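There are 2 protein chains.
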Amino acid sequence: MVTIGDVAKAAGVSRSTASYALSGKRPISPEVTDRVLAAVEQLGYTPNAGARALRTSQTQVLALFARFVEDEFAPAMLEYIKGVTDTARELGYDTLLVSDEDGPGAIRRLSGSQMVDGFVLLNVAEEDDRLEPLRSVHRPGTLVGLPGDTHGVDVFDLDFEASGRLMVEHMHGLGHREMILVSQPEDVVRRGGAYVWRLADTAKAKADELGVDLHHYFAASSQPGIGEDLHRFLDAHPHATALLLNNEGAAAALPAVLQERGLSVPHDLSVIGRYSDVFARTFSLPFSAIDSAADRLGRHAVQQLVDRIEGRIDAAAPHTVELIAPEIHDRGSMAAPPAV
Amino acid sequence: MVTIGDVAKAAGVSRSTASYALSGKRPISPEVTDRVLAAVEQLGYTPNAGARALRTSQTQVLALFARFVEDEFAPAMLEYIKGVTDTARELGYDTLLVSDEDGPGAIRRLSGSQMVDGFVLLNVAEEDDRLEPLRSVHRPGTLVGLPGDTHGVDVFDLDFEASGRLMVEHMHGLGHREMILVSQPEDVVRRGGAYVWRLADTAKAKADELGVDLHHYFAASSQPGIGEDLHRFLDAHPHATALLLNNEGAAAALPAVLQERGLSVPHDLSVIGRYSDVFARTFSLPFSAIDSAADRLGRHAVQQLVDRIEGRIDAAAPHTVELIAPEIHDRGSMAAPPAV
DNA sequence: CTGAAAGCGCTTACAG
DNA sequence: CTGAAAGCGCTTACAG
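Taken in sequence, the protein lines are chains V and F.
Read left to right, the first sequence gives residues 1 to 340 (the UniProt record's numbering).
Read left to right, the second sequence gives residues 1 to 340 (the UniProt record's numbering).
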């Protein structure tokens, strides 16, 4: 391998001069700089990452913790991952992908071995077992997903409370007075998916406030269960005119259910979902939805993390909790309810 | 950070003895070993990865190159990624995920900076621009996907040629004599998806050999195009009794098309696809299919790579091209053709 | 069975 | 504006 010593020799300077010429950390004459650059080019020099990390205690690597859970829609996960890796690369960092069962152990291991400069955690649960080690390791960490206790970490998530309100408000504004809200299965909540009840609770509160009759159900997350569930809900509430979906499987199953019941959207039923744009494209879903903003969340998370790593954020300053305001991607599935 | 010097001091031995006690590379008395281990435990020692890499020229990190292309079904990609990262971890390696636009540049950069011990390339095209740098960098590389030129790399893929034959043979064995084969769009082939014509060519050859009438089409990969395409193919060949799908979008769109035409499977039409099991689950697809074996391919690729890195494979020995034999996952969508 | 020392390649404080 | 030297933490050949 070619080292900075080789570069220095080829350029006829000392190793320190070669190093400074490349880093720009002290003024080097243009002629010398040119010779160094030429040598780098000609020899194909790339600094040894291990040596640099050993010296500087900076690795230019971020750890990305993804949890691959059943029930979870994979393309959405991939979008987060892509958002994170792309942004990291733009900012000069590589990404170590950790899908370890043993999340807490992996955090300690990677921090102890000084392999990474910081951590991005995806799919964060209400009570997440990775948070305790993360807080203890003294390396910055950013979460995508809002846990119960946010101290010591930066947090980015969709504002699910505002999302619940927005769904109900929007449908109410169109004239709907009876709605069905379909949430993820209860075991998603039990595993720590607090976003499910966050959205449902605010939806219910807003419905109460507006005098809307809102029926809330947990439902299966995949076929055939979810199809049967949807039929059951619609049977139980024949006068409901709006369907709010915080359950990706329900959105995917709905077109078949509508066809079986001979319902047309938005003529007979108005529908709004909460899922990512890739999800909509993958299943060709014709329903308006609040976008999960996966790539934006991944992007913001990395920017914040790198700002911290590189000292652009005062360590004493309070941590960020950024909840992205929901935006409805309109696909034309909402209208005034049918006249009675 | 705690170093091996701290451990040595706590155990009352020299740094070299501490190191040897941990690596086991030379005999150390049980008492001393115990003291070292206790010190490690108590101090929470983890070796500094950069220092170790600098000394040993081994990083215990693999680079995983994923290409996120449109048209590509993401869950399948995620399955490969999971197969690779999990296997790597089991073998003591971390995984650097690279989704760089600049694949060739990233290979040179990571190799030059000695950040990784080897490369796994996903989604390899017939003529892949990452192969030239990979061959030049003198670090082992394993491909998932069969390129035109396999020299200097280990290759793992599903045997698409055998898959084409198997589809036709199996349907022929059930009595079918006229079939439709639906391939991915032509631009997938143009981008280097040679597996498309590999499967189609052997299917056609086998059909000729068996006297089967096989109609081959390229089709769109997503709705609404693919639905229209399927209708068109079925209209054009009213006597075809079997449908062979080497196009995930076609498989996902087929249930709706069948319903619209009032066709039942396998009574009116026998169907076989080629897609992963997660894909089938995600879309609740009721069709028998040749599994893409994503996790198995990822697993084998990493095992082979690590064997090479760790010198368990003679560098002079020829490289591997392992094509996994297709297996049909039977979901009951194939039967004898309807009596005329 | 154990220890003192060298050196991997880099950056940066020290010296001029 | 440039150079010689130290030291990051590790492993291993050298010495006993």
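Glycine included, C-beta positions come from ideal geometry on N, C-alpha and C.
Just so you know, these numbers come straight off a predicted model, no measurement behind them.
Residue i - containing alpha helix (DSSP H), residue span
| i | result |
| --- | --- |
| Arg191(V) | Arg191(V) -> no alpha helix (DSSP H), and no H or E assigned at all. |
| Tyr20(V) | 15-23 |
| Met171(V) | 160-174 |
| residue 342(V) | Because chain V is modelled from 1 through 340, residue 342(V) falls outside the range shown and cannot be assessed. |
| Thr56(F) | 49-56 |
| Gln304(V) | 294-309 |
| residue 343(F) | What the structure shows of chain F is the stretch from 1 to 340, and residue 343(F) is not part of that stretch, so it cannot be assessed. |
| Ile107(V) | 103-112 |
| Gly5(V) | 4-11 |
Candidates the options: closest to residue i by CA position
| i | options | result |
| --- | --- | --- |
| Ala316(V) | Arg261(V), Val116(V), Leu37(V), Pro140(V) | Pro140(V) |
| Gly227(V) | Glu248(V), Ile313(V), Tyr195(V), Val124(V) | Glu248(V) |
| Thr142(F) | His231(F), Phe119(F), Leu214(F) | Phe119(F) |
| Ala220(V) | Met334(V), Pro185(V), Pro104(V), Ser284(V) | Pro185(V) |
| Leu245(V) | Met334(V), Ile28(V), Glu322(V) | Met334(V) |
| Leu323(F) | Gly105(F), Asp159(F), Ala10(F), Gly50(F) | Asp159(F) |
| Ser270(V) | Phe218(V), Ala253(V), Met167(V) | Met167(V) |
| Pro338(V) | Val265(V), His329(V), Ala280(V), Asp128(V) | Val265(V) |
| His216(V) | Asp314(V), Asp268(V), Asp229(V) | Asp229(V) |
| Pro286(F) | Gln304(F), Leu263(F), Gly332(F) | Gly332(F) |
| residue 341(F) | Leu110(F), Gly193(F), Arg130(F) | One cannot answer for residue 341(F) here, as it falls past the ends of chain F, which runs 1 to 340. |
| Leu181(V) | Gly262(V), Gly12(V), Leu234(V) | Leu234(V) |
| Ala66(V) | His300(V), Ile328(V), Ile107(V), Ala205(V) | Ile107(V) |
| Gly103(V) | Phe68(V), Ala252(V), Thr202(V), Val155(V) | Phe68(V) |
| Ala336(V) | Gly5(V), Asp129(V), Met171(V) | Met171(V) |
| Arg165(F) | Val124(F), Glu101(F), Asp154(F), Trp197(F) | Trp197(F) |
Interface flag, residue i vs chain F, CB-CB below 8 Å
| i | result |
| --- | --- |
| Lys9(V) | no |
| Phe68(V) | yes |
| Leu62(V) | no |
| Pro140(V) | no |
| Leu166(V) | no |
| Arg15(V) | no |
| Asp213(V) | no |
| Thr33(V) | no |
| Gly152(V) | no |
| Arg232(V) | no |
| Asp149(V) | no |
| Asp291(V) | no |
| Leu97(V) | yes |
Residues that residue i bridges to, as DSSP identifies them
| i | result |
| --- | --- |
| Gly141(V) | Phe119(V) |
| Phe65(F) | Val98(F), Leu121(F) |
| Glu178(F) | Asp213(F) |
| Asp277(F) | Per DSSP, none; premise fails for Asp277(F). |
| Ser183(V) | Phe218(V), Asn246(V) |
| His329(F) | Ala289(F) |
| Phe156(F) | Val144(F), Glu322(F) |
Residue i at chain V interface by Cβ criterion, 8 Å
| i | result |
| --- | --- |
| Asn246(F) | no |
| Gly50(F) | yes |
| Pro47(F) | yes |
| Gln223(F) | yes |
| Lys82(F) | yes |
| Asp100(F) | yes |
| Gly112(F) | yes |
| Leu297(F) | no |
| Ser276(F) | no |
| Ala53(F) | yes |
| Thr87(F) | no |
| Pro75(F) | yes |
beta-carbon residue i near the ligand SAM non-hydrogen atom, thresh 7 Å
| i | result |
| --- | --- |
| Leu263(F) | What this structure holds is no ligand at all, so the ligand SAM is not there to describe. |
Range of the contiguous beta strand (DSSP E) that encloses residue i
| i | result |
| --- | --- |
| Val271(V) | 270-274 |
| Leu43(F) | Counting along the chain, Leu43(F) falls outside any beta strand (DSSP E), though it belongs to the alpha helix (DSSP H) covering 30-43. |
| Val321(F) | 321-324 |
| Ala258(V) | Here the sequence assigns Leu to residue 258(V), which means Ala is not the residue at that position. That residue, Leu258(V), is in no beta strand (DSSP E); its alpha helix (DSSP H) goes 248-261. |
Worksheet item: If we count Cβ pairs, one from each stretch, closer than 8 Å, do we get three or more for the stretch 266-278 of chain F versus the stretch 290-299 of chain F?
Response: yes
Discussion item. Taking contact to mean 3 or more Cβ pairs, one atom from each stretch, closer than 8 Å, check whether the stretch 166-178 of chain V and the stretch 224-243 of chain V are in contact.
Written reply: The answer is yes - the stretch 224-243 of chain V touches the stretch 166-178 of chain V, with three or more Cβ pairs under 8 Å.
Practice prompt. Tell me, please, whether the stretch 305-315 of chain F touches the stretch 251-268 of chain F by the rule of three or more beta-carbon pairs shorter than 8 Å.
Written response: Fewer than three Cβ pairs drawn from the stretch 305-315 of chain F and the stretch 251-268 of chain F lie within less than 8 Å of each other, which leaves the two stretches out of contact.
Worksheet item: How about the stretch 41-56 of chain V and the stretch 51-69 of chain F: do they share at least three Cβ pairs that are nearer than 8 Å?
Response: Yes, the stretch 41-56 of chain V touches the stretch 51-69 of chain F.
Worksheet item: Is the number of C-beta pairs between the stretch 33-47 of chain V and the stretch 77-96 of chain V that are closer than 8 Å three or more?
Response: no
Worksheet item: Can you find at least 3 beta carbon pairs, one from the stretch 17-30 of chain V and one from the stretch 95-104 of chain F, that sit closer than 8 Å?
Response: no
Worksheet item: Taking one C-beta from the stretch 7-22 of chain F and one from the stretch 188-195 of chain V each time, how about it: are there three or more such pairs within less than 8 Å?
Response: no
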